[in-house]
Amino acid sequence: MTFFLDQLLNGISLGALYALIAVGYTVVYGIVQLINFAHGEVFMIGAFGALSTWIVLGTVTGGSTAWWNLPLMLVGGMVVAVLTAVLMERFAYRPLRNAPRLAPLITAIGISIFLQEFVRLFFGEIPGFPDAKAAIPFPQIDFFTGDPVNVGGVLVHRGNFFVIGALIVCWAFLWWFVNRTATGRAMQAVSQDPDTSRLMGIDVDRIIVVAFAVGAALAAVAGVAHGLRYGNIDFRMGFLAGLKAFTAAVLGGIGNINGAVVGGLTLGVVEAMATAFMPGQFGGPSWKDVWAFVLLILILVFRPQGLVGAKVVDRA
Amino acid sequence: MRSKNLLGGAAALVSASLLFAACGSRTEPSAGSTAGATKTAKVGVIAPLTGDLSVMGIGIRNSVDLALKQANESNEIPGWKLELAPEDDQATPDVGANAATKLASDKDVVAVVGTLNSGVSQSVQPILNAAKIVQVSPANTAVSLTKGADEANPKRPYDSYFRTCATDAVQGPFIAQYLSDTGIKKLAVVNDKKPYGQGLATAVAAEFKKLGGDVVADETVNKDDKDFSTVIDLMKAKNPQAVFFGTEFQLAAPMSQQMKNKGLNVPLVGGDGVKDDKYITLAGAKSEGDLVSFPGPDVDTVPAGKQFAADYQAAGFKDGWSAYGLTSYDAGKAVVAALKQSLPNATDASSARQATIDAMAKVSFDGLTGKVGFDQFGDAITKTMTMYEVKNGKWVANKTASVK
């Protein structure tokens, strides 16, 4: 039983990480019908932004890893990630707003490669910063990386508290933002019909920027969670995480925020369970991705709108 | 694209050799009179110079560079200047093959040191062998590279291939013996499914069972994995006393850290690929007590090792020599020793290629890792291994032994 709970927790915390990134795919898709494949890199840059913040703080504090570093790192990571996403939207996607669907998609892949290489080549050039060509250790903030905590017989890695807590807080914030603020309601309106929204006096360009920024902020939180949980970050970490998060978004129903969260958690739990309980030759860690993608294919075949259901987009 | 490159390479090779045949016949009579002029021979290095494993690859390049520079300074081979030709393989077989093709088509290249990964060597070997270029690897441990796929009937696949490091057949038993000697009865084994990791993990598990131990878990991970929670739980359920992980440091470090964060407080044991200072940096304070084996004696205990460390420092390289510095320096020295036999009688670099292969088989000198020389398969004759343990954030040697 303990073993099962262990796996459930592994799955949920892995899934929470996917979900935080998946929200970014889904929010942007819901508004501009663009699959922003560079979003994985925003996640990576969020992690590097947090690391940079810690290094800069370290010049004053002498590399302290006390808990109060964490909120500052989160803010630092978010600022850098949001800035990257906003610039990306302004200079790469906006000029292609009315171009054929394929053009922004290819652009996204281009930006993704650009950002990876940019971090790889230039992060280490900043005086006092470590070389980013290989993995870099992420600061081990005291409370979240100590010895595991015993919760009812299950030993819990402390990084899990952070990622699950972060998902709950972010989800609650998003719900409030989308449903209770004027900007949030404007986002809903734009996702339903951008042309009419414009006629109603909504600044569509601004709403699109907000969508990118919200996704980037959550991706930065995920970046910090990744660093705390796995202890190191590298310039390529966004690729696979982005791919998995995209899968999660599709699984839940792309365009739907709740869908991204449900999809992320489902994907994480399926991966963990398949690794632990799938018997014989088809079990074990090597097969976890296979089962995750088998699930995706089944969902797409039998429930193309995703688990929760995507918003039906009806556009001429 | 690749076949096109190969074709281009082959064409260049043919035209280069034609050119040379022409040149050779014309300049031969005057060769004696121009003995004072310096000719150039290039020694290639194929290793990952970018990416996760670049720390090790750059260490290999620098150590070979040092060996060549020293040979040039002391005018080891009169009339010849040795030049380094480094190529990046990105730890990927097809990139490695392109690098090999590029070097093979360069008429000045007489020898290649590399690769880091056994998997990359598999695709590099045939290309260099066809061009009669001697290859000395400082890091490949897969047994099949020198003895073929059939272990019972060893057959050397390529005469041009040699290596200065011990193979899985030496390292695996050494690790198993060490663990067994320290009272470990239950071992969990994991590998990353790459030829190196898989080969070593299999060798360790087989010997450990032979010594009466119990291999309680045998798992695999993907080379891009970041999250090992589930594998760790699977192993934890079996209560192992140690975990052997066949991989390189960039996967072993997070594994060690996550093991301890999840309460599996047993040492992680690795092979030569794990022994990099970066492992300790990445795995953090909890890596204390983790073990790795490495070919050769401890560098601090051999006088030549201290000299090497001082020379390396003096050469002013930006990065350290990493895990394979010693075997790479020995490989560089071996190349110089072989070229010393083959180059003086040659009119140009490319015509010395076959002679260099022949000379390499007979090389024998005292290197950093012990006696450097090769058996009939091209494997290193020295089979000394050292076990290192992380103590106070540093690798400390705690046992050196010679393996039969």
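If you read the sequences in order, they're chains X and B. Taken in order, the first sequence gives residues 14 to 329; the numbers are from the working numbering. Taken in order, the second sequence gives residues 7 to 410; the numbers are from the working numbering. Every residue gets a Cβ at the ideal spot worked out from N, C-alpha and C, and that includes glycine. Everything numeric in this text was worked out from a predicted model, so none of it was measured.
- In this structure, N23/X lies near S235/B, with their beta-carbon atoms less than 8 Å apart.
- Taking one beta carbon from each stretch, the stretch 43-51 of chain X and the stretch 194-212 of chain X have 3 or more pairs nearer than 8 Å; the two touch.
- The beta carbon of Q153/X is closer than 8 Å to those of T78, L241, G244 in its chain, skipping five residues each way along the sequence.
- At a cut-off of 8 Å between beta carbons, Y243/X contacts chain B.
- For K232/B, a Cβ of chain X is located within less than 8 Å of the residue's own Cβ.
- As a beta-bridge residue in DSSP terms, S408/B pairs with T390/B.
- Under the criterion of beta carbons closer than 8 Å, A337/B and V140/B do not qualify as touching, at roughly 11 Å.
- Considering only beta carbons, the part of the stretch 254-266 of chain X lying closer than 9 Å to chain B consists of A254, in chain order.
- Within chain B, the residues placing a beta-carbon under 7 Å from that of G297/X are E225, T226, ordered along the chain.
- Among the CB atoms of chain B, one or more fall inside 8 Å of the CB of F16/X.
- In this structure, the CA atom of G71/X is about 10 Å from the CA atom of L64/X.
- Secondary structure at G65/B: helix, using DSSP grouped into helix, strand and coil.
- Counting C-beta pairs closer than 8 Å gives fewer than three between the stretch 307-319 of chain B and the stretch 348-359 of chain B, which falls short of the contact rule.
- In the three-state scheme derived from DSSP, where H, G and I count as helix and E and B as strand, I267/X is classed as coil.
- In this model, G281/X and M393/B are separated by some 38 Å (Cα to Cα).
- Contact between the stretch 289-297 of chain B and the stretch 252-270 of chain B is established, with three or more Cβ pairs separated by less than 8 Å.
- DSSP places R193/X in the helix class (H, G or I) of the three-state scheme.
- Think of a sphere of 8 Å around the beta carbon of T287/B: the chain X residues whose beta carbon falls inside it are P150, in chain order.
- Contact residues of the stretch 152-163 of chain X toward chain B are Q153, T158, G159, D160, P161, N163 (C-beta to C-beta distance below 9 Å).
- One Cα belongs to G265/X, the other to D198/B, and the distance between them is close to 31 Å.
- Taking a C-beta distance under 8 Å as the contact criterion, G205/B and D174/B qualify as a contact pair.
- Residue contact check for Q20/X against chain B: a CB pair falls below 8 Å.
- Cβ proximity to chain X below 8 Å picks out nothing from the stretch 304-337 of chain B.
- DSSP places S124/B in the uninterrupted alpha helix (DSSP H) bounded by 124-136.
- In the DSSP assignment, Y167/B forms a beta bridge with Q141/B.
- Taken in chain order, the unbroken stretches of alpha helix (DSSP H) that lie wholly in the stretch 322-354 of chain B and span 4 residues or more are 331-348.
- Only those residues of the stretch 238-262 of chain B whose C-beta falls short of 8 Å from the nearest C-beta of chain X are listed: D239, L240, A243, Q256, A259, P260.
- In this structure, the straight-line span from the alpha carbon of K268/B to that of S80/B is close to 55 Å.
- Under the rule that a run must span 4 or more residues, the alpha helix (DSSP H) segments found entirely inside the stretch 188-244 of chain B read 201-216, 235-242.
- Taking 8 Å as the threshold, the shortest C-beta distance from G178/B to chain X does not fall below it.
- Three or more Cβ pairs drawn from the stretch 276-292 of chain X and the stretch 227-243 of chain B lie within less than 8 Å of each other, which places the two stretches in contact.
- Taking the Cβ atoms as the reference, I58/X lies roughly 6 Å from V93/X, within the contact range of under 8 Å.
- Counting only Cβ-Cβ distances below 8 Å, K199/B has contacts in chain X at S299, in chain order.
- Shown in chain order are the members of the stretch 275-301 of chain B whose Cβ falls below 8 Å from a Cβ of chain X: K284, T287, L288, A289, G290.
- Apart from the 5 residues on each side of it in sequence, F142/X sits with its Cβ closer than 8 Å to the Cβ of S65, I68, F136 in its chain, given in chain order.
- Sequence-distant Cβ neighbours of A32/X in its own chain, meaning closer than 7 Å and more than five residues away, are L180, A261, A273, V274, G277, L278.
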